[in-house]
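*Asks:* Below you'll find the structure I mean.
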Amino acid sequence: MIARRSIVRTMRQPGVFIPPLSFPLMLMAVNSNGLRAATHLPGFPTHSFLAFFLPFSFLQGALFASGIAGTDLARDIDTGFLNRLALTPVRGSALLLGQIGGALGLGAIQACLYLGVGLAAGVHIDAGVPGAVLILVLAILIAIGFGTLGLWIALRTGSGEGVQSQFPLLFFVLFISSMNLPRNLIEVRWFRDLATLNPVSYLIEALRSLVIVGWDVQALLLGFGFAFGLIALSMTLAVSQLKVRMTRT
Amino acid sequence: MKGRLDVAVALAYRQLTILVKNPSLFIPPMLFPLMNFIAFAGGLSRLRHVPGFDFHGGYTAFQFVFVLLQSAVFGGVFAGFGIARDFERGFARRLLVSAPQRGGIILGYAIAAFVRWLMIVVLLTIVALIEGMQIGGDGVDLFGLFLLAAFANQIGLLWACGIAMRFRSVQSGPLMQTPVFMALFLAPVYVPLDLLRGWTHSVARLNPLTFLLEAGRGFIEGEPTHVEAAFAVAACLLAVFGVWALRGLRAAERVGA
Numbered sequence: 001m002i003a004r005r006s007i008v009r010t011m012r013q014p015g016v017f018i019p020p021l022s023f024p025l026m027l028m029a030v031n032s033n034g035l036r037a038a039t040h041l042p043g044f045p046t047h048s049f050l051a052f053f054l055p056f057s058f059l060q061g062a063l064f065a066s067g068i069a070g071t072d073l074a075r076d077i078d079t080g081f082l083n084r085l086a087l088t089p090v091r092g093s094a095l096l097l098g099q100i101g102g103a104l105g106l107g108a109i110q111a112c113l114y115l116g117v118g119l120a121a122g123v124h125i126d127a128g129v130p131g132a133v134l135i136l137v138l139a140i141l142i143a144i145g146f147g148t149l150g151l152w153i154a155l156r157t158g159s160g161e162g163v164q165s166q167f168p169l170l171f172f173v174l175f176i177s178s179m180n181l182p183r184n185l186i187e188v189r190w191f192r193d194l195a196t197l198n199p200v201s202y203l204i205e206a207l208r209s210l211v212i213v214g215w216d217v218q219a220l221l222l223g224f225g226f227a228f229g230l231i232a233l234s235m236t237l238a239v240s241q242l243k244v245r246m247t248r249t
Numbered sequence: 250m251k252g253r254l255d256v257a258v259a260l261a262y263r264q265l266t267i268l269v270k271n272p273s274l275f276i277p278p279m280l281f282p283l284m285n286f287i288a289f290a291g292g293l294s295r296l297r298h299v300p301g302f303d304f305h306g307g308y309t310a311f312q313f314v315f316v317l318l319q320s321a322v323f324g325g326v327f328a329g330f331g332i333a334r335d336f337e338r339g340f341a342r343r344l345l346v347s348a349p350q351r352g353g354i355i356l357g358y359a360i361a362a363f364v365r366w367l368m369i370v371v372l373l374t375i376v377a378l379i380e381g382m383q384i385g386g387d388g389v390d391l392f393g394l395f396l397l398a399a400f401a402n403q404i405g406l407l408w409a410c411g412i413a414m415r416f417r418s419v420q421s422g423p424l425m426q427t428p429v430f431m432a433l434f435l436a437p438v439y440v441p442l443d444l445l446r447g448w449t450h451s452v453a454r455l456n457p458l459t460f461l462l463e464a465g466r467g468f469i470e471g472e473p474t475h476v477e478a479a480f481a482v483a484a485c486l487l488a489v490f491g492v493w494a495l496r497g498l499r500a501a502e503r504v505g506a
């Protein structure tokens with residue numbers, strides 16, 4: 001019921017779900033043309049920058065999902081809805097899973113939309129139809145991971161403004177990755193090192209491998225590993241923060 | 250408050266005080282250009298090896314000019330959020346009633362936007378110099394660069410001000426941001442104009458911000474180019490959006506905010 005409420009609430013607010021759908025597409029259109037010259041660099045893995053950049057859209061969409069899940073939960077804290085839920089026998093983890101419903105639903109729509117637009121624009125998925133399905137699965141897992149992270153931030157800060165203020169930080173984490181160039185082509189050493197340490201690089205590279213390489217087992221294991229790791233870590237943090245929040249109430 | 254300037258100074262002081270007391274309003278707009286600069290200058294520097302990349306001042310300087318203009322325009326747009334918030338919370342209604350010279354209202358917001366942007370510029374320039382940015386231009390060239398960016402800041406403010414005064418709601422935020430974002434990224438952001446292909450090249454050639462960007466890059470490289478065109482475009486945009494903002498103010502006056 002909480003999940004259904006979360007989905008309905010998200011879908012009832014066009015101002016909430018339209019930007020996460022449209023903004024990554026705009027950036028994809030602009031960047032795939034603006035950075036097309038990068039494909040002339042020796043060692044660049046594909047001739048289509050759109051194919052190279054497409055996976056970043058899923059990450060960007062997941063970031064928006066994080067903001068939506070967090071802001072919605074912060075509003076529930078603000079309006080006292082969470083306090084009322086605390087009086088029911090619902091388990092903390094179930095409550096969090098329910099809250100993530102809106103982000104999960106939106107994540108699924110986003111993934112289908114970005115992939116559909118990419119295919120319509122001429123992107124060829126090297127891993128074929130099973131690869132496309134795996135892209136959707138991984139994209140949804142990433143949306144859940146970031147969404148749960150948003151819940152933790154909401155529980156920690158207790159305010160929508162607090163959630164929004166973390167947005168630039170999360171965006172920064174996305175930027176310091178291999179989003180624009182493969183890591184071996186990043187020239188500045190400190191940036192390349194940070195991108196190598198950044199799990200976001202491996203999430204992007206797993207998605208990207210399915211689009212431009214085919215079946216790269218190492219990239220996929222790393223990508224799925226980090227996606228599940230992100231979900232597990234965020235859920236642990238969120239559950240423990242929920243206990244603190246419930247104690248306060 | 251007796252004159253236009255009094256209104257402007259008082260309003261600017263208030264806006265800046267709000268910013269100082271609310272880091273959550275001030276820090277994100279400051280972080281965005283820095284993030285972009287680090288991501289673009291750090292992550293994309295290999296693009297200078299693309300055949301035909303004819304900017305000789307280094308990729309850090311190439312990106313600095315874009316991020317400087319971006320911070321300027323968005324500095325103005327973020328100030329527009331404050332205007333919309335003032336309308337939402339009823340402050341603007343009281344301001345319209347009490348201000349003897351209402352033109353000073355726009356001037357006040359413009360001063361606040363400029364001072365706020367100056368703080369960002371200082372930080373951005375320090376980071377760029379630490380990053381090893383090469384500056385080929387002399388003092389006059391740099392003055393030209395920062396003057397162009399200051400114009401861009403006021404253009405952004407006047408655009409957002411016009412929107413805020415017509416819609417009088419923070420919900421108009423995407424309307425302020427999205428066209429500006431698109432205009433900025435449809436300029437030659439990552440590579441020189443000649444390296445763009447297809448529709449992006451056609452759009453970038455007609456984009457007024459391309460003139461500002463190319464002139465700015467010329468200034469920092471020490472080889473000024475399109476200077477007259479850039480300042481003429483900036484002056485035209487200032488005039489057009491100045492009228493846009495003033496008409497927005499009249500619209501707000503008509504409905505009594």
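Heads up: the sequence lines are chains A and B, in that order. Numbering follows our numbering, in which position 134 of the first sequence is assigned residue number 134; successive positions increment by one, without gaps. In our numbering, each residue's number is its place in the second sequence (first place is 1) plus 249. C-beta: ideal position from N, C-alpha, C; glycine also. It should be emphasised that the depicted structure is a prediction, and the values quoted were computed from it without experimental measurement.
(1) Kindly say whether Ala65(A), judged by its beta-carbon, lies nearer than 7 Å to any beta-carbon of chain B.
(2) Any beta carbon of chain A sitting closer than 7 Å to that of Val545(B)?
(3) Any Cβ of chain B within less than 7 Å of the Cβ of His40(A)?
(4) Distance check for Ile231(A) and Gly145(A), CA to CA, integer angstroms please.
(5) Mind checking Trp190(A): buried by the 16 CB within 10 Å criterion, or exposed?
(6) Quick check on the DSSP output: what are the complete alpha helix (DSSP H) runs of length 4 or more inside the segment 179–209 of chain A, in order along the chain?
(7) Between the segment 24–48 of chain A and chain B, which residues of the former have CB atoms less than 8 Å from a CB of the latter, in chain order?
(8) Between the Cα of Ile109(A) and the Cα atoms of Met1(A), Pro20(A), Gly214(A), which residue gives the shortest distance?
(9) Between Ala436(B) and the rest of its own chain, which residues show a CB-CB distance below 6 Å, the 5 nearest in sequence each way excluded?
(10) Using beta-carbon positions only, say whether Ala103(A) and Ile68(A) come within less than 7 Å of one another.
(11) Please state the DSSP three-state secondary structure of Asp78(A).
(12) May I have the straight-line CA-CA distance separating Phe275(B) from Val129(A), to the nearest angstrom?
(13) When you compare only the Cα positions, how much space is there between Arg4(A) and Gln99(A)?
(14) Counting only Cβ pairs nearer than 9 Å, list the residues of chain B close to Ile186(A).
(15) Against chain B, which members of the segment 198–211 of chain A pass a CB distance test of less than 9 Å?
(16) Taking all protein chains shown into account, decide if Thr449(B) is buried (16 or more other Cβ within 10 angstroms of its Cβ) or exposed.
(17) From what residue to what residue does the alpha helix (DSSP H) around Tyr114(A) run?
(18) I want to verify the contact list: residues of chain A whose CB lies under 7 Å from the CB of Leu318(B), in sequence order.
(19) Quick one: what's got a C-beta closer than 7 Å to Gly324(B)'s C-beta in the same chain, skipping five residues either side?
(20) Could you tell me the distance, in whole angstroms, from the CA atom of Leu136(A) to the CA atom of Ala111(A)?
(21) Pick helix, strand or coil for Gly307(B), following the three-state DSSP scheme.
(22) Strictly below 7 Å CB to CB, what residues from chain B border Leu181(A)?
(23) Taking 7 Å as the CB-CB limit, is Phe175(A) close to chain B?
(24) Pick from Ile360(B), Arg496(B), Ala259(B): whose alpha carbon is nearest that of Pro349(B)?
(25) Under 7 Å, do Gly116(A) and Ile125(A) count as touching if we go by C-beta distance?
(26) If we ignore side chains and look at the alpha-carbon of each, how far apart do Ile142(A) and Trp215(A) end up?
(27) Counting C-beta neighbours from all protein chains within 10 Å, is the total for Ala201(A) 16 or more, i.e. buried, or is it exposed?
(28) Over what stretch of residues does the alpha helix (DSSP H) that includes Phe402(B) continue unbroken?
(29) Using CA coordinates, which residue listed in Val376(B), Val476(B), Leu283(B), Gln319(B) is at the minimum distance from Ala398(B)?
(30) Quick check on the DSSP output: the alpha helix (DSSP H) that includes Phe468(B) runs from which residue to which?
(31) Note down the Cα distance separating Leu197(A) from Phe395(B), rounded to an integer number of angstroms.
(32) Under 7 Å between beta-carbons, which chain A residues line up against His305(B)? List them in chain order, please.
(33) Output yes if chain B places a C-beta closer than 7 Å to the C-beta of Pro89(A); else output no.
(34) Determine the closest residue to Ile355(B) out of Gly331(B), Phe304(B), Ala464(B), with distance taken between C-alpha atoms.
(35) Rounded to a whole number of angstroms, what is the C-alpha to C-alpha distance between Ser32(A) and Met26(A)?
(36) List, in chain order, every chain A residue whose beta-carbon is nearer than 7 Å to that of Pro300(B).
*Replies:* For this structure:
(1) Judged by the 7 Å Cβ criterion, Ala65(A) is not in contact with chain B.
(2) Any property of residue 545(B) remains undetermined from this structure, which presents chain B solely from 250 to 506.
(3) At a cut-off of 7 Å between C-beta atoms, His40(A) counts as an interface residue with respect to chain B.
(4) Going from the Cα of Gly145(A) to the Cα of Ile231(A) covers about 4 Å.
(5) By the neighbour-count rule (16 or more Cβ atoms within 10 Å), Trp190(A) is not buried but exposed.
(6) Counting only runs of 4 or more, we get 189–197.
(7) Taking 8 Å as the upper bound on Cβ-Cβ separation, chain B lies near residues Met26, Leu27, Val30, Asn31, Asn33, Gly34, Leu35, Arg36, Ala37, Ala38, His40, Leu41 of the segment 24–48 of chain A.
(8) Of Met1(A), Pro20(A), Gly214(A), the residue nearest in Cα terms is Pro20(A).
(9) Annotation for Ala436(B): Ala453, Asn456, Leu458, Thr459, Leu462 place their beta carbon closer than 6 Å to its own, counting only its chain and skipping 5 residues before and after.
(10) Yes, the pair counts as a contact, with Cβ atoms nearer than the cut-off.
(11) DSSP places Asp78(A) in helix when its eight states are reduced to three.
(12) Near 46 Å, if we compare the C-alpha coordinates of Val129(A) and Phe275(B).
(13) Put simply, the backbone Cα of Arg4(A) is about 9 Å away from that of Gln99(A).
(14) Simply Gly291, Gly292, Leu293, Ser294, Arg295.
(15) Those residues of the segment 198–211 of chain A placed with their C-beta closer than 9 Å to a C-beta in chain B do not exist.
(16) Thr449(B) comes out buried.
(17) Per DSSP, Tyr114(A) is one residue of the alpha helix (DSSP H) stretching across 101–120.
(18) Here the premise fails: no neighbours, minimum Cβ distance about 15 Å.
(19) Excluding residues within five positions, the ones whose Cβ falls inside 7 Å are Pro278, Ala362, Arg365, Trp366, Ile369, Asn402, Gly405.
(20) Straight-line measurement puts the Cα of Ala111(A) at about 6 Å from the Cα of Leu136(A).
(21) The answer is coil: DSSP assigns Gly307(B) none of H, G, I, E or B.
(22) Those within 7 Å of Leu181(A) in chain B are Gly292, Leu293, Arg295.
(23) So, interface residue.
(24) Closest by alpha carbon: Ala259(B).
(25) It is not a contact, given that the beta carbons lie outside the stated cut-off.
(26) Distance between the alpha carbons of Ile142(A) and Trp215(A): 19 Å.
(27) The residue asked about is misnamed: residue 201(A) is Ser in this sequence, not Ala. Here Ser201(A) is buried, its C-beta having at least 16 other C-beta atoms within 10 Å.
(28) The sequence as given places Asn at residue 402(B); Phe does not occur at that position. Annotation: the continuous alpha helix (DSSP H) that includes Asn402(B) extends over 388–416.
(29) Ranking Val376(B), Val476(B), Leu283(B), Gln319(B) by Cα distance to Ala398(B) puts Gln319(B) first.
(30) First-last of the alpha helix (DSSP H) with Phe468(B): 457–470.
(31) Each residue's alpha carbon lies about 36 Å from the other.
(32) Those do not exist, as His305(B) stays about 17 Å from chain A at its closest Cβ, beyond 7 Å.
(33) Not closer than 7 Å to any Cβ of chain B, the Cβ of Pro89(A) fails to qualify, so no.
(34) Cα-wise, what sits closest to Ile355(B) is Gly331(B).
(35) Approximately 10 Å between the Cα atoms of the pair.
(36) Going along chain A in sequence order, the residues near Pro300(B) (Cβ under 7 Å) are His40.
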